[in-house]
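Participant: Questions regarding the structure given below will be posed in turn.
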Amino acid sequence: MMIEDGKKIILFDGVCNLCNSAVLFTIKRDKNDVFRYAPLQSKIGKRLIAERNIDPKKLDSILLIEPDIAYYYKSTAALHIAKQLSGIYPLLSVFLILPRFFRDWIYDIIAKNRYKWFGKKESCMIPTPELNALFIDQ
């Protein structure tokens, strides 16, 4: 699938149970159809990472790619995603006022333990037919 103009792309760890759950959570609350999704491990994920000169070793679970060359990772990505969701979730963006090193410290604790706490799949998530249109590089 081609990347649609104007869509923000969420790259996620496709084998992480927590990450997959977060993607499904986001899909349910993306009422304005802002996002498209792809695993970090996919061809498109690797291409988008390379195009932005991002060191893949520094990525551990989530990357938000804006329609231009901009991107966010770790806690900043999660909070910018929350800002676009329906319900009370945009209120979480208030945490962007906290220093990034502090937000990312908390994020890193969760990311480091995500497989131990939430488990890991053998392969990347395969979306159901009704969700397939939201995923790129299938």
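Residue 3 is where the sequence shown starts when you use this note's numbering, and the numbers rise one by one after that. Every residue gets a Cβ at the ideal spot worked out from N, C-alpha and C, and that includes glycine.
1. Using CA coordinates, which residue listed in Phe137, Asp7, Lys85 is at the minimum distance from Arg31?
2. Return the CA-CA distance between Trp119 and Asn55, expressed in angstroms with no decimal places.
3. What do you get for Lys76, buried or exposed, if any count of 16 or more other CB atoms within 10 angstroms of its CB means buried?
4. Alpha carbon to alpha carbon, how far is Val96 from Ile90? Give it in angstroms, no decimals.
5. If you follow the alpha helix (DSSP H) that Tyr117 is in, where does it begin and where does it stop?
6. I need the DSSP call for Arg54, collapsed to helix, strand or coil.
7. So Cys18 and Arg116 are in contact, right, with Cβ under 8 angstroms, and what is the actual spacing, rounded?
8. On a Cα-Cα basis, can you pick out the residue from Phe27, Asn22, Gly16, Lys9 that is closest to Leu87?
9. Among Trp107, Leu93, Tyr74, which one has its Cα closest to the Cα of Phe14?
10. Per DSSP, Arg38 forms a beta bridge with which residues?
11. For Lys60, count the other beta carbons within 10 Å of its own beta carbon; 16 or more makes it buried, fewer makes it exposed. Which is it?
12. Sort Val25, Leu100, Leu94 by Cα distance to Val36 and report the nearest one.
Facilitator: In short:
1. What you label residue 31 is simply residue 29 of the sequence shown in a count that begins at 1. Of Phe137, Asp7, Lys85, the smallest CA-CA separation from Arg31 is found for Lys85.
2. Here residue 119 is taken as the residue at index 117 of the sequence shown, counted from 1. Here residue 55 is taken as the residue at index 53 of the sequence shown, counted from 1. Going from the Cα of Trp119 to the Cα of Asn55 covers about 31 angstroms.
3. In the sequence shown, residue 76 corresponds to position 74, counting from 1. The residue in question, Lys76, is buried, as its Cβ has 16 or more Cβ neighbours within 10 Å.
4. Within the sequence shown, numbered from 1, the residue matching residue 90 stands at position 88. Within the sequence shown, numbered from 1, the residue matching residue 96 stands at position 94. Their backbone Cα atoms lie some 12 angstroms apart in a straight line.
5. Locating residue 117 in the sequence shown gives position 115, where the first residue counts as 1. Residues 102-120.
6. In the sequence shown, counting from the first residue as 1, residue 54 sits at position 52. DSSP places Arg54 in coil when its eight states are reduced to three.
7. Taking the first residue of the sequence shown as 1, we reach residue 18 at position 16. Taking the first residue of the sequence shown as 1, we reach residue 116 at position 114. Contact between Cys18 and Arg116 is confirmed by a C-beta separation of about 5 angstroms, below the 8 angstroms threshold.
8. Counting from one through the sequence shown, the residue named residue 87 turns up at place 85. When only C-alpha atoms are compared, the closest one is Phe27.
9. Looking up residue 14 in the sequence shown gives position 12. Closest by C-alpha distance to Phe14, out of Trp107, Leu93, Tyr74, is Tyr74.
10. Stepping through the sequence shown from its first residue, residue 38 is reached at position 36. Here Arg38 is bridged, per DSSP, to Ile11.
11. In the sequence shown, counting from the first residue as 1, residue 60 sits at position 58. With fewer than 16 other CB atoms across the displayed protein chains lying within 10 angstroms of its CB, Lys60 is exposed.
12. Working through the sequence shown from its first residue, we reach residue 36 at position 34. Of the listed residues, the one whose Cα sits closest to Val36 is Val25.
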